[in-house]
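Novice: The numbering of the sequence shown is the numbering used here, which starts it at 9 and goes up by one. Backbone N, C-alpha and C fix where the C-beta goes; we use that ideal spot for every residue, glycine too. This structure is a prediction, so every number in the text was calculated from the model and none was measured. Structure in structure tokens, see below.
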Amino acid sequence: MFFKQLRSLSLQKNITLVLKSRFKNFKSSKVKSIGVIFDYESYHNYDFFRSLISDIGLTNNKIQFIAMLDLEKNKPNSWDVFFSLESFDWLGRIKSVDIEEFINQPFDVLISYYKTNQLELNLITARSKANFKIGLTNDEHRLHDFIIDIEPKDTDIFKIELTKYLTQLNRL
Numbered sequence: 009m010f011f012k013q014l015r016s017l018s019l020q021k022n023i024t025l026v027l028k029s030r031f032k033n034f035k036s037s038k039v040k041s042i043g044v045i046f047d048y049e050s051y052h053n054y055d056f057f058r059s060l061i062s063d064i065g066l067t068n069n070k071i072q073f074i075a076m077l078d079l080e081k082n083k084p085n086s087w088d089v090f091f092s093l094e095s096f097d098w099l100g101r102i103k104s105v106d107i108e109e110f111i112n113q114p115f116d117v118l119i120s121y122y123k124t125n126q127l128e129l130n131l132i133t134a135r136s137k138a139n140f141k142i143g144l145t146n147d148e149h150r151l152h153d154f155i156i157d158i159e160p161k162d163t164d165i166f167k168i169e170l171t172k173y174l175t176q177l178n179r180l
């Protein structure tokens, strides 16, 4: 119990420090790569993301997924990257090489497709080197550069809104 509270406090402190030091330098170039972070328990329809990417005009090798699981033992058989609470130490530091690789990828767009306020997901979103971060509504509005206020199950609305706004921003 004590270690969970300490981890939560440490994660929140890390998120706050990263967000305070974040420098927003948007490039207005076309989208060439996309990273997607999501909560696997809430939503895990890869076909939606793949069709979204093809509608944008990218190939499947230009998208990278990372998903949070409740427990590492529930990991599905897949080639995608998964993490759990076990991927963080009791001070809230990242222990996984896969998470570090995802964070250091300079994506043109990062889609944070989760609605729940989970500190682990928020930390990865905050630390990501992505140029433009798009998310669903979250308690921490500083995480994202652009927010689409929908439920994760409303994929058709998300697809329409994302393409509409990326087109208006001259990113497609």
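Taking 8 Å as the cut-off, does the stretch 94-106 touch the stretch 114-121 (at least 3 CB pairs, one atom from each stretch)?
Specialist: With the cut-off at 8 Å, the stretch 114-121 and the stretch 94-106 do not touch.
Novice: Please classify residue 138: does DSSP put it in a helix, a strand, or coil?
Specialist: Numbered from 1 along the sequence shown, position 130 holds the residue referred to as residue 138. Of the three classes helix, strand and coil, the one that applies to residue 138 here is coil, per DSSP.
Novice: Only counting runs of 3 or more residues, tell me where the beta strand (DSSP E) segments fall wholly within the stretch 39-71, in order along the chain.
Specialist: 42-47
Novice: What does residue 91 pair with, by DSSP beta-bridge criteria?
Specialist: The sequence position of residue 91 within the sequence shown is 83, counting from 1. According to DSSP, which records beta bridges pairwise, residue 91 is partnered with 76.
Novice: Out of 135, 177, 38 and 171, point me to the one whose CA is closest to residue 30's CA.
Specialist: Counting from 1 along the sequence shown, the entry for residue 30 is found at position 22. Ranking 135, 177, 38 and 171 by Cα distance to residue 30 puts 135 first.
Novice: May I have the straight-line CA-CA distance separating residue 15 from residue 163, to the nearest angstrom?
Specialist: For the purposes of this step, residue 15 is taken as the residue at position 7 of the sequence shown. For the purposes of this step, residue 163 is taken as the residue at position 155 of the sequence shown. The straight-line gap from Cα to Cα measures roughly 33 Å.
Novice: What number of angstroms, rounded off, separates the C-alpha of residue 53 from the C-alpha of residue 22?
Specialist: Along the sequence shown, read from residue 1 onward, the residue named residue 53 stands at position 45. Along the sequence shown, read from residue 1 onward, the residue named residue 22 stands at position 14. Using only the alpha carbons, I get a separation of about 30 Å.
Novice: What do you get for residue 139, buried or exposed, if any count of 16 or more other CB atoms within 10 angstroms of its CB means buried?
Specialist: Against the sequence shown, residue 139 aligns to sequence position 131. The residue in question, residue 139, is buried, as its Cβ has 16 or more Cβ neighbours within 10 Å.
Novice: Could you tell me the boundaries of the beta strand (DSSP E) in which residue 119 lies?
Specialist: By one-based count along the sequence shown, residue 119 stands at place 111. Counting along the chain, the beta strand (DSSP E) containing residue 119 begins and ends at 117-121.
Novice: Do residue 161 and residue 51 have their beta-carbon atoms positioned less than 9 Å apart in this structure?
Specialist: Along the sequence shown, one-based indexing puts residue 51 at 43. Along the sequence shown, one-based indexing puts residue 161 at 153. Cβ distance < 9 Å, so residue 51 and residue 161 count as in contact.
Novice: Nearest CA to the CA of residue 109: which residue from 121, 133 and 124?
Specialist: Position 101 of the sequence shown holds residue 109. Checked all of 121, 133 and 124; the closest Cα to residue 109 is 133.
Novice: Secondary structure at residue 17, three-state DSSP: helix, strand or coil?
Specialist: Here the question's residue 17 lines up with position 9 in the sequence shown. Looking at residue 17 - three-state DSSP - the assignment turns out to be helix.
Novice: Can you tell me whether residue 144 is helix, strand or coil according to DSSP?
Specialist: In the sequence shown, the residue the question calls residue 144 occupies position 136. In this structure, residue 144 counts as strand in the three-state DSSP scheme.
Novice: Which residue from 63, 72 and 49 puts its Cα closest to that of residue 89?
Specialist: Taking the sequence shown and counting its residues from 1, one reaches residue 89 at position 81. The candidate whose alpha carbon is nearest that of residue 89 is 72.
Novice: What does residue 102 pair with, by DSSP beta-bridge criteria?
Specialist: As a first step, residue 102 is located in the sequence shown; it is residue number 94 there, counting from the start. Partner(s): 96.
Novice: Quick check: what's the CA-CA separation for residue 181 versus residue 148?
Specialist: Here the chain comprises residues numbered 9 to 180, so residue 181 is not present and cannot be evaluated.
Novice: How would you label residue 143, buried or exposed, when you count the other beta carbons within 10 angstroms and need 16 or more for buried?
Specialist: Taking the sequence shown and counting its residues from 1, the one referred to as residue 143 is at position 135. Answer is buried; the Cβ neighbour count reaches 16.
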